[in-house]
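*Asks:*
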Amino acid sequence: MPYRVESVPVLRRQVQVILGGWEMAAVTVSDAAVVVSELAANAVRHARPVRGGLIVAQVSCVRGDAMLRVLVVDGAPAVLPPSCPARSVSAVAECGRGLALVTGLSLAWGVDVGETTKSVWALLPVVTRAEAG
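Residue numbers 238 to 370, in our numbering, belong to the letters of the sequence shown in order.
1. Quick one, are the C-beta atoms of LEU276 and VAL316 less than 7 Å apart?
2. If you compare alpha carbons, which of PRO239, TRP358, MET261, ASN279 is closest to ALA288?
3. Among LEU344, VAL296, VAL348, ARG282, which residue has its Cα nearest to the Cα of GLY258?
4. Can you name the residues that DSSP bridges to TRP346?
5. Starting from LEU256 and walking both ways along the alpha helix (DSSP H), at which residues does that stretch end?
6. Under the DSSP definition of a beta bridge, which residues are partnered with LEU308?
7. Assuming THR252 and ALA270 are in contact, meaning their beta carbons sit under 8 Å apart, how far apart are those beta carbons, in whole angstroms?
8. Taking only the alpha-carbon atoms, compute the straight-line gap between PRO318 and THR354 and give it to the nearest angstrom.
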């Protein structure tokens with residue numbers, strides 16, 4: 238995906254379509270879409286593109302399909318996201334909620350730093366349509 242802010246809603250929609258095709262419940266689709274949006278927005282706002290001017294996003298099922306892994310890769314391994322302290326954010330603040338949302342929606346999140354890239358990932362619980370009833 239091109240490394241620009243306009244790619245964030247496109248990534249969000251792609252995640253919704255992919256997970257809908259995987260028979261995920263609406264709550265799983267919605268949570269994953271929010272997480273990929275927040276991680277991608279942070280990458281575009283605070284990092285830089287991977288080679289070729291891109292931002293990379295991936296979703297995959299892990300551990301016997303019990304969890305969903307959402308991953309966003311950027312080209313700024315030295316720029317780490319801040320930890321997400323429990324704090325209140327002003328209702329009119331334009332930033333500061335992204336990682337709080339990721340923390341609240343995911344089982345865990347973290348960062349893997351490579352030589353030329355950084356991957357920020359989150360693990361989300363999987364609920365299928367059949368389980369949701």
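Note that CB positions come from ideal geometry on N, CA and C, so glycine has one too.
*Replies:* Once the coordinates are examined:
1. Counting from 1 along the sequence shown, the entry for residue 276 is found at position 39. Counting from 1 along the sequence shown, the entry for residue 316 is found at position 79. For LEU276 and VAL316, no; Cβs fall outside 7 Å.
2. Taking the sequence shown and counting its residues from 1, one reaches residue 288 at position 51. It should be noted that the sequence gives Arg, not Ala, for residue 288. For ARG288, the nearest C-alpha among the options comes from PRO239.
3. The count along the sequence shown starts at 1 and reaches residue 258 at position 21. Here the closest residue by C-alpha is VAL296.
4. In the sequence shown, the residue the question calls residue 346 occupies position 109. Note: TRP346 sits in a beta bridge opposite ALA359.
5. Taking the sequence shown and counting its residues from 1, one reaches residue 256 at position 19. Residues 244–258.
6. Here residue 308 corresponds to residue number 71 of the sequence shown, with the count starting at 1. Paired residues: GLN295, TRP358.
7. In the sequence shown, counting from the first residue as 1, residue 252 sits at position 15. In the sequence shown, counting from the first residue as 1, residue 270 sits at position 33. As written in the sequence, residue 252 is Val, which differs from the Thr given in the question. Confirmed, about 5 Å.
8. Looking up residue 318 in the sequence shown gives position 81. Looking up residue 354 in the sequence shown gives position 117. Their backbone Cα atoms lie some 13 Å apart in a straight line.
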